[in-house]
Amino acid sequence: MRQATESVTIRTSGQALYEFTRQARAFVTESGIGTGLLTVYVRHTSCSLLIQENADPDVQTDLIGFFRRLVPEGMDWLVHTTEGPDDMPAHIKAALTQTSISIPVVDGRPVLGTWQGIYLFEHRRRPHAREVVLHLIGE
Amino acid sequence: MRQATESVTIRTSGQALYEFTRQARAFVTESGIGTGLLTVYVRHTSCSLLIQENADPDVQTDLIGFFRRLVPEGMDWLVHTTEGPDDMPAHIKAALTQTSISIPVVDGRPVLGTWQGIYLFEHRRRPHAREVVLHLIGE
Amino acid sequence: MRQATESVTIRTSGQALYEFTRQARAFVTESGIGTGLLTVYVRHTSCSLLIQENADPDVQTDLIGFFRRLVPEGMDWLVHTTEGPDDMPAHIKAALTQTSISIPVVDGRPVLGTWQGIYLFEHRRRPHAREVVLHLIGE
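Residue numbers (this note's numbering), protein chains in the order written: chain A, 276 to 414; chain B, 276 to 414; chain C, 276 to 414.
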């Protein structure tokens, strides 16, 4: 049984979904591990992780649109406002999605469905460098 | 240290919660692994996974009712509409719940609480065959 | 490769976020495992887990305020009402957050970001003793 870890930096420029499926697949391939468990973890609380459809980009537009409507800027009862109007909504959106996702690896590949992609979901307006840690255990 | 993997097909017929706790428990028992980590992963983006109460079925009714109200069909700003009025709401509901859940295994059993069941949460109206991958690592 | 497991009881007194980052870190340190995967699992369905900012306590106030507004008590269409007006909203809030979170461990520490804390999110009004299972695999 072996392990591999890697840190990936994803540079974001506004509220959107940033796919990094290719990097995650490459990490698994390079490890030489055939059967195992891949975990993806994001070290921030104003962005998050999501596995979603990567076929029609309209799906991403609508996901972003839904979360913007569900957690709008300007909710007047918020008390954490010092870091800008998009910060507290960002924390809430992160709480509603994932900080960590684990994916089984079989035959040397994560068992993603045909149309599943792994995304960083950026909830802040300004550019950020986001650190994602990849961990793999298996043999 | 050993691993086991299995693919389970869950046939759904409409928006509901489909319990597969029994299959997950059997998978752990058959592996002979006493201490470890069980991961459940669904290979689709219009259904999801949920650990919820399996005592009173009214809880499931209300969970479905809440998500239907939070993410109704017919939101007129949606752009991804080609796959039917229930498709984009399904992606959103999946984003709000889980694609992957990991459960520690102790004494040869997943450490589910007394009333916890593992469910596939189907968000589409029409019947689907959903593939869930089970992964176990331990000894 | 080795494993460690531990059960932690968190005593709650009302709807709030209860941080247990310190206990999780201590569990990893005491195991002597340098590289691995830490999984945190809660054995209940009316509370949940969250990784969120532990710098400004206002963030917690707003998270609680948002979920209270999104899933208010008194929704008149609920059918599961026998366990009190806060019970079904608690199940829904748990479904919208996490039951299980996995965090890579590198250099003997979970790779939590600088401001990330691990929280039990209690959704019930009355005091409860909540059981969280910690699992670590690595070497």
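Backbone N, C-alpha and C define an ideal beta-carbon position, used for all residues, glycine too.
Beta-bridge pairing of residue i - partner residues as DSSP gives them
{"i": "Ala279 (chain A)", "result": "A:Leu411"}
{"i": "Gly392 (chain B)", "result": "B:Gln327"}
{"i": "Val380 (chain B)", "result": "B:Gly311 and B:Pro385"}
{"i": "Arg405 (chain A)", "result": "A:Ile285"}
Whole-Å CB distance - residue i paired with residue j, under 8 Å assumed
{"i": "Ala291 (chain C)", "j": "Ile367 (chain C)", "result": "No, Ala291 (chain C) and Ile367 (chain C) are not in contact; Cβ-Cβ is about 17 Å, not under 8 Å."}
{"i": "Val274 (chain A)", "j": "Tyr316 (chain B)", "result": "The structure shown does not extend to residue 274 (chain A), since chain A is modelled only from 276 to 414, so the question has no answer here."}
{"i": "Leu395 (chain A)", "j": "Phe295 (chain A)", "result": "6 Å"}
{"i": "Asp331 (chain C)", "j": "Leu353 (chain A)", "result": "Not quite, the Cβ-Cβ distance comes to about 12 Å (not below 8 Å), so this is no contact."}
{"i": "Val407 (chain B)", "j": "His355 (chain C)", "result": "Actually they are not in contact, since the Cβ atoms of Val407 (chain B) and His355 (chain C) sit about 26 Å apart, beyond 8 Å."}
Buried or exposed by the 16-neighbour rule on C-beta atoms within 10 Å, applied to residue i
{"i": "Asp382 (chain A)", "result": "exposed"}
{"i": "Val380 (chain B)", "result": "buried"}
{"i": "Ala301 (chain C)", "result": "exposed"}
{"i": "Ser288 (chain C)", "result": "exposed"}
{"i": "Pro347 (chain C)", "result": "exposed"}
{"i": "Ser306 (chain B)", "result": "buried"}
{"i": "Ser282 (chain C)", "result": "exposed"}
{"i": "Arg253 (chain B)", "result": "The structure shown does not extend to residue 253 (chain B), since chain B spans only 276 to 414, so no value can be given for it."}
{"i": "Arg401 (chain B)", "result": "exposed"}
Beta carbon of residue i nearer than 9 Å to that of residue j
{"i": "Ile376 (chain A)", "j": "Met276 (chain C)", "result": "no"}
{"i": "Arg297 (chain B)", "j": "His403 (chain B)", "result": "no"}
{"i": "Leu409 (chain A)", "j": "Thr280 (chain A)", "result": "yes"}
{"i": "Asp351 (chain A)", "j": "His398 (chain A)", "result": "no"}
{"i": "His319 (chain C)", "j": "Gly388 (chain B)", "result": "yes"}
{"i": "Glu414 (chain C)", "j": "Thr310 (chain C)", "result": "yes"}
{"i": "Gln327 (chain C)", "j": "Ala369 (chain A)", "result": "yes"}
{"i": "Leu312 (chain B)", "j": "Leu312 (chain A)", "result": "yes"}
{"i": "Arg384 (chain A)", "j": "Thr284 (chain A)", "result": "no"}
Any non-hydrogen atom of the ligand NAD closer than 8 Å to residue i Cβ
{"i": "Arg401 (chain A)", "result": "In the structure on display, the ligand NAD does not appear, and there are no ligands present to speak of."}
Any chain D beta carbon closer than 9 Å to residue i
{"i": "Val303 (chain B)", "result": "Although the question refers to chain D, the structure presented lacks it and instead comprises the protein chains A, B and C."}
As an exercise, report each continuous beta strand (DSSP E) stretch of at least 3 residues that is fully enclosed by the region 289-358 of chain C, in chain order.
291-294, 311-317 and 322-328
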